[in-house]
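Residue numbers (full-length UniProt numbering), protein chains in the order written: chain D, 1 to 315; chain E, 1 to 315.
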């Protein structure tokens, strides 16, 4: 194994951008233009918990970055930079070739999302691989989208399609069959909805990572309202539809969608649709915000559906 | 074990400050006053690498915070906030009482250094405990102290005393005896030199974490100069002096000092001494910056000392 300094020079200095000081000083510097503030999100992924040892290394850093970028999207912040903490097993599997692939995946996503590496730390462990990233974005001061702003009377929307990643996990586990590969891909590589200009349009926003039902519960609790949606109105991809109706509950409660859940006042619905069309992101109305508390999922006939599982519990 | 949300509410929401949004939203917000920029540093500590399983939990978060605060001190940034990523073994040892003690240590240091928790992530692992923190400070834009500014003719200085932590590790390993407990304490709890107003006075600064000799090498390389110091001029604590001359090389090459290494133009030496006196931090001149490359350690008679070990290699 290379020494620490050579290792950083080879795999990470090519990723470093403005403020990183070439990864060669005690700190990195992060600039914030006047009138803006910084939004930041941090996530950790652990081998055998959030990914498997034989997952392609190109995908790991990208998945980590994108989960955090999805949080920035939910706040309406423009991605800027990130830091990376890597704790590497001493098993010899994570060699120079492995890190070459890992950093090439990061490089591709840096270009795609307009971020650069600011700094990080590399350590070794007798345990599994642990990856942490903190992603920084910028937004107009005081304009962050919050999850606590939904108001009774607002309509409820989601971007994209819901449940693909949950079904993709079942495909990877051999439970479901999807010859298109679409569902597994949705599980492996989130598509964060950065770049939408929703500030001033929606009353509340959050990313859907724990499962639609549970995340509706979070927004309801933080906003002190109830959310109600119609299961059949929740958009499904073609591959998810092909899997059959029996997976409906799994789609609504499974995690890793990384789509946005939005509450929108009636007078802004057209603006919401225009903003999403401009960003080339599908958006669908699934329900409404009402007074009360909790989440109500309705069947097509208006009856209340009972869910066995509320969603994904992290810990 | 508590669910994730109860766990965060109990142990971490009491630590959360401005911009954390009570740890309840997708992102945290970080504000930067006009004319300032943000300095950030991130570190990971791994059980059995950077600390031992039976180390008091109160000390772990404090050590992690302080290592990062020392990096802020080296840049001349004022501490502001931090994020924390915790990857917890599923061994049951890290229970509610453990986290209570862990967070109480953090709380004490938050008050001492003027920082609050901004956000974080908690995950589980089959391996050892992994702790990552990213610490944010602020400083006047363009005024960051760098390690690449040392110039031939500058004098070379260190704060505090050097080598205590390296000897403290030997005490904990039973190799050395120190009835005062001072050396072990210096190993367990770094004292970051935050709060010194050195911007505009010194030409280069960095924190001494890898060992004085190796860190002098870093400053020399980044500044494209050579550093020369006299071993007997390197300040020793009373406890370190009592351990005897045979540990001199260990003191100069052992890590974890978390003091500052400073290069200072002659005309600013008085200002440096005044700034350190104001901050109640001892500072001593140990050598000088000369043209060339590398590090020269001199014995009292002016002859060159040979070191067997350059310092601590992280990886």
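Note that beta-carbon positions come from the ideal geometry of N, C-alpha and C, so glycine has one too. Bear in mind that the values here come from a model prediction, so they are computed numbers and not experimental data.
Helix, strand or coil at residue i [DSSP, three-state]
i	result
residue 52 of chain D	coil
residue 57 of chain D	helix
residue 171 of chain D	helix
residue 301 of chain E	coil
residue 85 of chain E	strand
residue 308 of chain E	coil
residue 67 of chain D	helix
residue 401 of chain E	Given that chain E is displayed from residue 1 to residue 315, the structure contains no residue 401 of chain E and the question cannot be resolved.
residue 294 of chain E	strand
residue 35 of chain D	coil
residue 19 of chain E	coil
residue 78 of chain D	strand
residue 285 of chain D	strand
residue 134 of chain D	strand
residue 140 of chain E	strand
residue 226 of chain D	strand
residue 29 of chain D	strand
residue 161 of chain D	coil
residue 120 of chain D	strand
residue 205 of chain D	strand
Spatial distance of residue i from residue j (CA atoms)
i	j	result
residue 77 of chain D	residue 220 of chain E	40 Å
residue 14 of chain D	residue 265 of chain E	34 Å
residue 35 of chain E	residue 28 of chain D	17 Å
residue 202 of chain D	residue 73 of chain D	13 Å
residue 177 of chain E	residue 171 of chain E	6 Å
residue 287 of chain D	residue 104 of chain E	44 Å
residue 250 of chain E	residue 284 of chain E	19 Å
residue 300 of chain E	residue 33 of chain D	52 Å
residue 16 of chain E	residue 118 of chain E	6 Å
residue 211 of chain E	residue 252 of chain E	6 Å
residue 181 of chain D	residue 308 of chain E	57 Å
residue 239 of chain D	residue 22 of chain E	39 Å
residue 209 of chain E	residue 258 of chain E	5 Å
residue 81 of chain D	residue 222 of chain D	28 Å
residue 270 of chain E	residue 277 of chain E	10 Å
residue 9 of chain E	residue 234 of chain D	32 Å
residue 96 of chain E	residue 129 of chain D	25 Å
residue 145 of chain D	residue 137 of chain D	13 Å
residue 236 of chain D	residue 94 of chain D	38 Å
residue 123 of chain E	residue 46 of chain D	7 Å
residue 302 of chain E	residue 245 of chain E	17 Å
residue 199 of chain E	residue 55 of chain E	36 Å
residue 214 of chain D	residue 65 of chain D	23 Å
Same chain, Cβ closer than 8 Å to residue i, five either side skipped, listed in chain order
i	result
residue 42 of chain E	68, 132, 133, 134, 135
residue 125 of chain E	87, 88, 89, 90
residue 304 of chain D	296, 297, 298
residue 141 of chain D	35, 36, 37
Within chain E, partners of residue i - CB distance below 8 Å
i	result
residue 119 of chain D	40, 41, 42
residue 147 of chain D	24, 25, 26
Listed by chain order, chain E residues near residue i by CB distance under 7 Å
i	result
residue 127 of chain D	125, 126, 127, 128
residue 144 of chain D	29
Listed by chain order, chain D residues near residue i by CB distance under 8 Å
i	result
residue 83 of chain E	40, 42, 134
residue 77 of chain E	27
Contact set between residue i and chain E, taken where Cβ atoms lie within less than 9 Å
i	result
residue 9 of chain D	Ordered by position in chain E, no residue passes the 9 Å Cβ test against residue 9 of chain D, which lies about 12 Å from the chain.
Residues near residue i in its chain [Cβ-Cβ closer than 6 Å; skip 5 each side]
i	result
residue 268 of chain E	201
residue 186 of chain D	164, 165, 168
residue 184 of chain E	168, 171, 172
residue 84 of chain E	120, 133
residue 100 of chain D	none
residue 306 of chain D	none
residue 11 of chain E	99, 103
residue 195 of chain E	279
residue 291 of chain E	152
residue 318 of chain D	Because chain D in this structure spans residues 1 to 315, residue 318 of chain D falls outside the shown range and cannot be described.
Cβ neighbours of residue i in the same chain (closer than 7 Å, five flanking residues each side left out)
i	result
residue 71 of chain E	41, 207
residue 155 of chain D	264, 266, 269, 285, 288
| query | Of all the residues that make up the segment 46-75 of chain E, which are near chain D by a beta-carbon distance shorter than 7 Å? | reply | Listed by position along the chain: 46, 48, 49, 71, 72, 74, 75.
Check your understanding: Which residues, taken in chain order from the segment 17-49 of chain D, show a beta carbon closer than 7 Å to some beta carbon of chain E?
Key -> Within the segment 17-49 of chain D, the residues whose Cβ lies closer than 7 Å to some Cβ of chain E are 24, 25, 26, 27, 28, 29, 30, 31, 32, 34, 37, 38, 39, 40, 41, 42, 43, 44, 46, 48, 49, listed in chain order.
- Message: Against chain D, which members of the UniProt domain "PurM-like C-terminal" (151-297) of chain E pass a CB distance test of less than 7 Å?
- Response: For the UniProt domain "PurM-like C-terminal" (151-297) of chain E, the set of positions with a beta-carbon nearer than 7 Å to some beta-carbon of chain D reads 206, 207, 222 in chain order.
Selection of the segment 96-115 of chain E by Cβ proximity to chain D, strictly under 7 Å | Hits within the stretch: zero.
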